[in-house]
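Input: a single structure, listed below in structure tokens.
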Amino acid sequence: MKISGLLTFPALLVLVCSCGELFGQLQSSDLIGAWQKGGEENRTVWINSEKHFSAAVYNITEKQFLGAYGGEWKIEGNSLVSMYEFNTVNPALIGKEVRREVEIKGNKLALKETDGNQDWIRVDNGTPGKLAGAWVITGRVTAGEFRKMTPGARKTMKILSGTRFQWIAFNSETKEFSGTGGGTYTTENGKYVEKIDLFSRDNSRIGMSLEFNFSLEDGNWRHSGKSSKGEPIDEIWTLRERLGI
């Protein structure tokens with residue numbers, strides 16, 4: 418019903434909702450979490466925090482690392498804009514922005530490329546793990562003494578969704594890539610447990626489960642236990658967003 422040429426409130430509400438669905442913008446929160454494409458022989462796991470992302474390409478059957486890439490991301494309209502800090506698949510993209518149109522339907526995501534779509538399946542939405550985010554190492558405790566570390570162009574980053582993790586050591590200025598590893602994780606009863614699915618430096622570590630103590634102290638992640646080599650570690654990690662890097 419029209420009154421003086423205007424729609425009544427219920428009709429206007431329906432119109433607004435319909436237009437929102439029709440012309441709704443993609444939200445950054447729609448992409449946060451972990452996504453996967455491929456199977457056992459060529460799998461890619463892609464993790465998005467609020468501002469940063471990483472992806473690892475690997476062959477599960479052969480325990481073979483195939484590549485890694487990542488950096489910063491943002492949403493503009495219905496496009497994903499990625500700026501690469503490291504990329505072993507295509508090093509020429511480091512320091513450059515790439516724009517792709519994105520379409521999400523339920524738990525499926527399509528990245529529209531010039532040579533066809535990349536189809537991804539959602540693994541998680543950033544839960545249930547307590548450590549979702551992009552972290553960089555900022556300190557180590559050795560013999561009871563804390564040693565501060567200041568990330569620069571060279572960083573060791575660990576990025577986590579709700580169930581997946583990946584660490585990466587890289588230098589965004591020299592384009593040097595030092596290594597990566599990743600897999601699944603849980604955070605229960607003060608214990609952080611990793612199961613390694615890929616390791617670029619030593620595939621004999623694949624399949625190992627590692628248990629660490631963890632706590633959040635003043636927004637930092639305190640991480641202690643033994644490495645995959647059996648060596649004691651006691652580290653401090655800080656979210657990149659807090660550091661502004």
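Basically this note's numbering = 1-based index in the sequence shown + 417. Just so it is clear, CB atoms sit at the ideal spot from N, CA and C, and this is done for glycine as well. Computed from a predicted model, the values in this text were never measured in an experiment.
- Message: Does Ala549 come out as helix, strand or coil in the three-state DSSP assignment?
- Response: Here residue 549 is taken as the residue at index 132 of the sequence shown, counted from 1. Looking at Ala549 - three-state DSSP - the assignment turns out to be coil, as it is neither helix nor strand.
- Message: Which same chain residues end up closer than 7 Å to Lys592 when comparing Cβ atoms and leaving out the 5 residues on each side of it in sequence?
- Response: Translated into the one-based positions of the sequence shown, residue 592 becomes position 175. Counting only Cβ-Cβ distances below 7 Å, and skipping sequence neighbours, we find Pro508, Ile511.
- Message: If contacts are defined as beta-carbon pairs under 8 Å, then Arg581 and Ile464 qualify, I think. What distance do you get, rounded to the angstrom?
- Response: Locating residue 581 in the sequence shown gives position 164, where the first residue counts as 1. Locating residue 464 in the sequence shown gives position 47, where the first residue counts as 1. With 8 Å as the limit, Arg581 and Ile464 qualify as a contact, their Cβ atoms being about 6 Å apart.
- Task: Could you say if the segment 516–534 and the segment 606–626 meet the contact criterion of at least three C-beta pairs nearer than 8 Å?
- Result: no
- As assigned by DSSP and simplified to three states, the class of Leu510: On the sequence shown, residue 510 is found 93 positions in, with the first residue counted as 1. DSSP places Leu510 in helix when its eight states are reduced to three.
- Task: Look up Leu439 in the DSSP assignment and say whether it is helix, strand or coil.
- Result: Numbered from 1 along the sequence shown, position 22 holds the residue referred to as residue 439. Caution is warranted here: a pLDDT of 38 is assigned to Leu439, below 50, making its placement in the model unreliable, and no coordinate value can be reported.
- Task: Kindly indicate which residue of Arg639, Val506, Lys454, Lys529 has the alpha-carbon position closest to the one of Thr604.
- Result: Locating residue 604 in the sequence shown gives position 187, counting from the first residue. Ranking Arg639, Val506, Lys454, Lys529 by Cα distance to Thr604 puts Arg639 first.
- Item | Own chain residues within Cβ distance below 8 Å of Asp541, not counting five before or after | Working through the sequence shown from its first residue, we reach residue 541 at position 124. Here the set comprises Gly450, Ala451, Ser578, Gly579, Thr580, Arg581.
- Between Ser471 and Ala485, is the Cβ-Cβ spacing less than 8 Å? Numbered from 1 along the sequence shown, position 54 holds the residue referred to as residue 471. Numbered from 1 along the sequence shown, position 68 holds the residue referred to as residue 485. In this structure, Ala485 lies closer than 8 Å to Ser471 by Cβ.
- Message: So for Leu660, helix, strand or coil by DSSP?
- Response: On the sequence shown, residue 660 is found 243 positions in, with the first residue counted as 1. Leu660: helix per DSSP, three-state reduction.
- Task: Output yes or no for whether 8 Å exceeds the beta carbon distance between Thr555 and Lys547.
- Result: Locating residue 555 in the sequence shown gives position 138, where the first residue counts as 1. Locating residue 547 in the sequence shown gives position 130, where the first residue counts as 1. Contact flag unset, no.
- Item | Cβ pair Gly642, Glu628 closer than 8 Å | Counting from 1 along the sequence shown, the entry for residue 642 is found at position 225. Counting from 1 along the sequence shown, the entry for residue 628 is found at position 211. It is a contact, given that the beta carbons lie within the stated cut-off.
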